[in-house]
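Here's the structure we're looking at; comments come further down.
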Amino acid sequence: MKIIFLGPPGSGKGTAASRVAPKFGIPHISTGDLFRKNIKEQTEIGKEAKQYMDDGKLVPDEVVINMLKARLEEDDCQEGFILDGFPRTTPQAEMLDGITEIDVVVNMVVPDKIVIARNSSRVSCSKCGEIYNLRTMPTKLKGVCDKCGGSVVRRPDDEPDVIKKRLNIYKEQTEPLIEFYKKKGLIRDVICDNIDQTPEQTLEDVLKVLEEFSS
Ligand code: AMP
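What follows is the structure, given as structure tokens:
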């Protein structure tokens, strides 16, 4: 199954995608995570992406598209995948359209107020990337990743000013993709309008939507 998760930053799509992927036995591909890995490893892609990411801007299409294309050619993607954070622009969606057929687009619908509150309490592991939320999903031990013991920190692009910028960019550049995929009949909305909604509840809602496609 080939699934896209669409939604504003902090909508919970990364957490939901990472939990859905093992259930379907397909890889969870987050372009944000791929960039963060490249930054850590100080690759050319990482060096190019870092300035945009820290500033809350989108990395240029050409860079993202080349990186994603290479990832989708790997063996583990041949039976399907979950894309989280890609596509984010119309040229990215058109490129994807040209190389594969998507089965469903899960659209996380989250009001701005909740997006801002969620992002400001979001933290993640600096070693393995696991996401936590100080309100709804804290680590067992303060500041220490439950999974790998790495230190848990706030991402530089989750600072309040940068969040607002990212949200505006989402509205301008990514939201039009909802229409793009609606026209293809692929959009399924998952509504998250409760600030204290747990990741488990969100996961349940997402799985309900995906049931239709897994039988
Ligand atoms: P994320 O972890 O999905 O919130 O992504 C973090 C940052 O990585 C974004 O704010 C962008 O700077 C960059 N990024 C991730 N995916 C893309 C994409 N598809 N197109 C452009 N930039 C991206």
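For the sequence shown, my numbering begins at 20 and goes up steadily by one.
Using N, Cα and C, we set each Cβ at its ideal position, and we do this for glycine too.
Predicted, not measured: the structure shown is a model, and the values here were computed from it.
Can you tell me where the alpha helix (DSSP H) holding residue i begins and where it ends?
i, result
"K235", "With the chain running from 20 to 234 in the structure shown, residue 235 is simply not present."
"R185", "P179 to I188"
"M20", "Element bounds for M20: n/a, residue is neither H nor E."
"R55", "T50 to K59"
What residue range is occupied by the uninterrupted beta strand (DSSP E) comprising residue i?
i, result
"S170", "Counting along the chain, S170 falls outside any beta strand (DSSP E), and DSSP gives it neither H nor E."
"F232", "Where F232 is concerned, there is no enclosing beta strand (DSSP E), although the alpha helix (DSSP H) it sits in stretches over P218 to S233."
"N213", "Element bounds for N213: n/a, residue is neither H nor E."
"R90", "Per DSSP, R90 belongs to no beta strand (DSSP E); it is in the alpha helix (DSSP H), D80 to L91."
"G141", "In the sequence on display, residue 141 carries Arg and not Gly. Note, R141: beta strand (DSSP E), R141 to C144."
Give a single yes or no on whether residue i has its beta carbon closer than 7 Å to a heavy atom of the ligand AMP.
i, result
"M72", "yes"
"F24", "no"
"D54", "This sequence places Phe at residue 54; Asp is not what is there. Result yes, Cβ under 7 Å from the ligand AMP."
"K76", "yes"
"S49", "yes"
"V171", "no"
"P41", "no"
"R107", "yes"
"V83", "yes"
"P175", "no"
"G148", "no"
Taking 7 Å as the limit between beta carbons, can you name the residues of its chain near residue i, skipping five residues before and five after?
i, result
"A3", "The structure shown has nothing for residue 3, since the chain only spans 20 to 234."
Three or more C-beta pairs below 8 Å linking the stretch 155-163 and the stretch 119-136
With the cut-off at 8 Å, the stretch 155-163 and the stretch 119-136 do not touch.
Kindly confirm or deny that the stretch 39-58 and the stretch 97-112 touch, where touching means at least three C-beta pairs closer than 8 Å.
Counting Cβ pairs under 8 Å, three or more are found: they touch.
Touching or not, the stretch 25-35 and the stretch 215-225, by the rule of three or more beta carbon pairs under 8 Å?
By the Cβ test, the stretch 25-35 is in contact with the stretch 215-225, since at least three Cβ pairs between them sit closer than 8 Å.
Are the stretch 192-201 and the stretch 109-118 touching, with three or more C-beta to C-beta distances below 8 Å?
Contact between the stretch 192-201 and the stretch 109-118 is present, because at least three Cβ pairs lie under 8 Å.
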